[in-house]
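Enquirer: The following block contains the structure, expressed as structure tokens.
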Amino acid sequence: RRAEQQDTKAIQALDSAHYLHPFTDHAGLASRGARVITRADNIYVWDSEGAKILDAMSGLWCVNAGYGRKELADAAYQQMMTLPFYNSFFNTTNVPAVQLATKLASLAPKVGGRSFEHVFFSSSGSESNDTNVRMVRRYWDLLGQPQRKVIISRNNAYHGSTMAGASLGGMGGMHAQGDLPIPNITHIEQPYFFENARPGESEADFGRRAAGWLEAKILEVGADKVAAFIAEPVQGAGGVIIPPETYWPEIQRIVDQYGILLISDEVICAFGRLGHWFAYEKFGYRPDLVTFAKGVTSGYIPLGGVMVGDRVARVLIEKGGEFNHGYTYSGHPVACAVALANLELMERENLVGRVKDDTGPYLARRFAELKDHPLVGGAETCGFVAGLVLVKNKATNAMFDADLGVGMICRGHCFKNGLIMRAVGDRMIIAPPLVMTHAQIDEMMALIVRCLDATLDDLRS
Ligand code: PLP
Numbered sequence: 014r015r016a017e018q019q020d021t022k023a024i025q026a027l028d029s030a031h032y033l034h035p036f037t038d039h040a041g042l043a044s045r046g047a048r049v050i051t052r053a054d055n056i057y058v059w060d061s062e063g064a065k066i067l068d069a070m071s072g073l074w075c076v077n078a079g080y081g082r083k084e085l086a087d088a089a090y091q092q093m094m095t096l097p098f099y100n101s102f103f104n105t106t107n108v109p110a111v112q113l114a115t116k117l118a119s120l121a122p123k124v125g126g127r128s129f130e131h132v133f134f135s136s137s138g139s140e141s142n143d144t145n146v147r148m149v150r151r152y153w154d155l156l157g158q159p160q161r162k163v164i165i166s167r168n169n170a171y172h173g174s175t176m177a178g179a180s181l182g183g184m185g186g187m188h189a190q191g192d193l194p195i196p197n198i199t200h201i202e203q204p205y206f207f208e209n210a211r212p213g214e215s216e217a218d219f220g221r222r223a224a225g226w227l228e229a230k231i232l233e234v235g236a237d238k239v240a241a242f243i244a245e246p247v248q249g250a251g252g253v254i255i256p257p258e259t260y261w262p263e264i265q266r267i268v269d270q271y272g273i274l275l276i277s278d279e280v281i282c283a284f285g286r287l288g289h290w291f292a293y294e295k296f297g298y299r300p301d302l303v304t305f306a307k308g309v310t311s312g313y314i315p316l317g318g319v320m321v322g323d324r325v326a327r328v329l330i331e332k333g334g335e336f337n338h339g340y341t342y343s344g345h346p347v348a349c350a351v352a353l354a355n356l357e358l359m360e361r362e363n364l365v366g367r368v369k370d371d372t373g374p375y376l377a378r379r380f381a382e383l384k385d386h387p388l389v390g391g392a393e394t395c396g397f398v399a400g401l402v403l404v405k406n407k408a409t410n411a412m413f414d415a416d417l418g419v420g421m422i423c424r425g426h427c428f429k430n431g432l433i434m435r436a437v438g439d440r441m442i443i444a445p446p447l448v449m450t451h452a453q454i455d456e457m458m459a460l461i462v463r464c465l466d467a468t469l470d471d472l473r474s
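Quick note: to get the UniProt record's numbering, add 13 to the position in the sequence shown (first position is 1).
Here it is, written out as structure tokens:
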């Protein structure tokens with residue numbers, strides 16, 4: 014154990030000296046020391062001190078099939094030995110990319126007669142959303158409406174870290190760095206019932222009113238200038254904000270009425286996370302473009318893309334000529350081979366069906382019990398994402414002083430107790446691997462209660 018500790022210190026010293034991490038405050042990192050994660054299996058990760066940690070976040074919402082899946086490593090090895098790389102620019106292609114595009118087209122549900130026969134590949138969610146911005150503008154240019162440039166998004170959304178991705182996102186902290194958003198991107202309020210509902214307003218009424226903010230924004234911008242609306246089915250990084258049932262049908266009515274494109278950013282929500290291969294099916298809306306990444310390979314290798322619906326594909330293909338856009342790694346054969354193996358594994362183990370009909374409802378039942386905890390003002394799940402809000406007063410739902418950072422206090426107790434849970438302000442959120450069993454859900458829930466109790470003790474002392 015002492016040898017491991019020495020390793021930890023040495024790695025931490027090199028880490029803070031050389032590695033600029035994403036989303037990390039580096040001041041004091043050298044003395045704090047980053048936690049060094051060294052290995053993983055199933056739903057657990059281990060750190061360099063030997064601590065076993067239940068990963069209720071699936072890494073970054075991506076390890077849907079769980080850790081340690083040999084099939085995925087084998088698929089990468091086989092493909093690397095056969096064709097480790099070739100591009101698909103300039104009329105070339107490769108077999109895994111073709112097979113994956115075909116597979117994804119078959120998995121994407123046809124809602125309201127619309128289908129997704131085409132896929133554009135990238136390596137991440139951010140690149141995919143950049144692709145969306147260019148594709149949407151190209152679509153309207155080709156239709157002779159180049160003035161349709163404005164994309165409407167929502168506050169607190171997360172759509173990635175590239176210039177366009179961070180601009181589409183609605184995170185004030187990101188906009189403040191780098192002079193964002195870029196032109197022609199604007200935001201409306203998120204459908205967060207807990208925070209934004211009026212006193213006495215029903216969830217159904219709130220859902221319709223929240224969707225109405227889109228219509229108001231379209232009218233403010235000018236309907237003939239709006240190109241698209243982009244949204245996550247359930248806001249993930251914003252704190253697992255689950256919209257009321259009335260929200261998406263009303264959004265669909267509005268985008269139909271004004272003829273604007275609908276982009277469903279399913280980087281988190283696709284591939285079983287909400288109990289469906291694609292999340293728009295759960296809410297019954299009809300997107301024109303669907304962003305995906307993360308779960309398509311269970312995070313084992315970078316891969317993302319855009320499912321391109323018929324409405325857009327037809328214009329790009331029939332009127333388009335060459336679309337001057339693409340990445341070296343678009344349709345990377347190894348990434349596509351791993352994705353195919355991952356989707357096959359998920360089908361064989363019925364992971365999507367289990368979340369929909371078995372483990373998802375079980376998690377919902379167990380998670381709802383948290384509402385009895387003195388610190389919890391609300392707790393909801395949707396498939397295998399869940400969020401709870403920590404409140405100072407259960408009777409009034411009064412929140413803690415933001416400066417107290419009660420979410421971070423709770424997160425600290427999670428770390429100490431072998432549980433990875435994320436804090437978004439005072440919301441605590443999870444997105445567990447889809448392989449989680451009932452017994453493991455029980456184990457996770459016991460840890461969550463222990464961490465909530467420890468937080469409460471802290472606040473009382
Ligand atoms: N879109 C959504 C909804 C996301 O949650 C994320 C990442 O968390 C992204 C886009 C960006 O994906 P990436 O980090 O792969 O660029």
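No residue lacks a Cβ here, since even glycine has one placed at the ideal position from N, Cα and C.
(1) Bridge partners of residue 55, per DSSP?
(2) Under the three-state reduction of DSSP, which class applies to residue 281: helix, strand or coil?
(3) Give, in chain order, every unbroken run of the beta strand (DSSP E) that is at least 3 residues long and sits entirely within the stretch 405-460.
(4) If you compare alpha carbons, which of 396, 392, 192 and 145 is closest to residue 404?
(5) If distances are taken between C-alpha atoms only, which option among 66, 63, 33 and 24 comes closest to residue 46?
(6) How many angstroms separate the CA atom of residue 260 from the CA atom of residue 267?
(7) Check each residue's C-beta against every heavy atom of the ligand PLP and list, in chain order, those closer than 7 Å.
(8) Do the stretch 153-160 and the stretch 285-300 touch if we need at least three Cβ pairs shorter than 8 Å?
(9) For residue 160, count the other beta carbons within 10 Å of its own beta carbon; 16 or more makes it buried, fewer makes it exposed. Which is it?
(10) At which residues does the alpha helix (DSSP H) containing residue 185 begin and terminate?
(11) How would you write the range of the alpha helix (DSSP H) that residue 354 sits in, first residue to last?
(12) Just to confirm the assignment, what range does the beta strand (DSSP E) spanning residue 317 have?
(13) With residue 217 and residue 257 assumed to form a contact (beta carbons below 8 Å), what rounded beta-carbon distance in angstroms separates them?
(14) Find out if the Cβ-Cβ distance for the pair residue 74, residue 444 is shorter than 8 Å.
(15) Looking at C-beta atoms only, is the number of pairs between the stretch 311-327 and the stretch 132-140 that lie closer than 8 Å three or more?
(16) Between residue 354 and residue 375, what straight-line distance do the alpha-carbon atoms span, to the nearest angstrom?
(17) Which runs of the beta strand (DSSP E), 3 residues or longer, sit entirely within the stretch 112-199?
(18) Comparing C-alpha positions only, which one of 168, 169, 165 and 190 sits nearest to residue 175?
(19) Spell out the partners DSSP gives residue 305 in its beta bridges.
(20) Would you check if the distance between the CB atom of residue 164 and the CB atom of residue 149 is smaller than 8 Å?
(21) Comparing alpha-carbon positions, which option in 389, 340, 421 and 308 lies nearest residue 365?
(22) Could you give the first and the last residue of the continuous alpha helix (DSSP H) run that contains residue 370?
(23) Do you know whose CA, among 438, 196, 58 and 359, lies nearest residue 413's CA?
(24) Given residue 120, which residues of its chain have a CB within under 6 Å of its CB, disregarding the five upstream and five downstream residues?
(25) How would you label residue 19, buried or exposed, when you count the other beta carbons within 10 angstroms and need 16 or more for buried?
(26) Does DSSP classify residue 37 as helix, strand or coil?
(27) Quick check: the stretch 343-352 against the stretch 84-97, are there 3 or more CB pairs under 8 Å?
(28) Does the stretch 56-72 come close enough to the stretch 31-43 that 3 or more CB-CB pairs lie under 8 Å?
Expert: Inspection of the coordinates gives the following:
(1) Residue numbering aside, residue 55 sits at position 42 when the sequence shown is read from its first letter. Looking at the DSSP assignment, residue 55 forms a beta bridge with 80.
(2) Taking the sequence shown and counting its residues from 1, the one referred to as residue 281 is at position 268. Looking at residue 281 - three-state DSSP - the assignment turns out to be coil, as it is neither helix nor strand.
(3) Fully enclosed beta strand (DSSP E) runs of 3 or longer: 435-437 and 440-443.
(4) Translated into positions along the sequence shown, residue 404 becomes position 391. The option with the nearest alpha carbon to residue 404 is 392.
(5) Residue 46 sits at position 33 when you count from the first residue of the sequence shown. Of the candidates 66, 63, 33 and 24, the one whose C-alpha sits nearest the C-alpha of residue 46 is 24.
(6) Counting from one through the sequence shown, the residue named residue 260 turns up at place 247. Counting from one through the sequence shown, the residue named residue 267 turns up at place 254. Their Cα atoms are separated by approximately 11 Å.
(7) Chain order is used for the residues whose beta-carbon lies nearer than 7 Å to a heavy atom of the ligand PLP, namely 73, 74, 137, 138, 139, 140, 142, 171, 172, 173, 174, 178, 245, 249, 250, 278, 280, 281, 304, 306, 307 and 317.
(8) Result no; under three Cβ-Cβ pairs closer than 8 Å.
(9) Translated into the one-based positions of the sequence shown, residue 160 becomes position 147. Label assigned to residue 160: exposed.
(10) As a first step, residue 185 must be located in the sequence shown, where it is residue number 172. First-last of the alpha helix (DSSP H) with residue 185: 185-188.
(11) For the purposes of this step, residue 354 is taken as residue 341 along the sequence shown, with counting starting at 1. Start and end: 346-361.
(12) Residue mapping note: residue 317 aligns to position 304 of the sequence shown, counting from 1. In the DSSP assignment, residue 317 falls within the unbroken beta strand (DSSP E) covering 317-321.
(13) Reading the sequence shown from its first residue, position 204 is the one you call residue 217. Reading the sequence shown from its first residue, position 244 is the one you call residue 257. Yes, they are in contact, since the Cβ atoms of residue 217 and residue 257 sit about 6 Å apart, within 8 Å.
(14) Reading the sequence shown from its first residue, position 61 is the one you call residue 74. Reading the sequence shown from its first residue, position 431 is the one you call residue 444. The answer is yes: Cβ separation under 8 Å.
(15) Between the stretch 311-327 and the stretch 132-140, the count of C-beta pairs closer than 8 Å reaches three or more; the two stretches touch.
(16) Numbered from 1 along the sequence shown, position 341 holds the residue referred to as residue 354. Numbered from 1 along the sequence shown, position 362 holds the residue referred to as residue 375. If you take the alpha carbons of residue 354 and residue 375, they lie about 28 Å apart.
(17) Counting whole runs of 3 or more residues, the stretch 112-199 contains the beta strand (DSSP E) stretches 131-135 and 163-167.
(18) Your numbering for residue 175 matches position 162 in the sequence shown. Among 168, 169, 165 and 190, the Cα nearest to that of residue 175 is on 190.
(19) Here the question's residue 305 lines up with position 292 in the sequence shown. Paired residue(s): 318.
(20) Taking the sequence shown and counting its residues from 1, one reaches residue 164 at position 151. Taking the sequence shown and counting its residues from 1, one reaches residue 149 at position 136. Contact flag set, yes.
(21) Indexing the sequence shown from 1 puts residue 365 at position 352. It is 308 whose Cα lies nearest to the Cα of residue 365.
(22) Position 357 of the sequence shown, counted from the first residue, corresponds to residue 370. Unbroken alpha helix (DSSP H) run through residue 370: 364-370.
(23) For the purposes of this step, residue 413 is taken as residue 400 along the sequence shown, with counting starting at 1. With distances taken between Cα atoms, residue 413 lies closest to 438.
(24) Taking the sequence shown and counting its residues from 1, the one referred to as residue 120 is at position 107. Result list for residue 120: 290, in chain order.
(25) Position 6 of the sequence shown, counting from 1, holds the residue named residue 19. That one is exposed.
(26) Here the question's residue 37 lines up with position 24 in the sequence shown. When secondary structure is reduced to three states using DSSP, residue 37 falls in the coil class, being assigned neither helix nor strand.
(27) Verdict: yes, contact present.
(28) Contact between the stretch 31-43 and the stretch 56-72 is absent, because fewer than three Cβ pairs lie under 8 Å.
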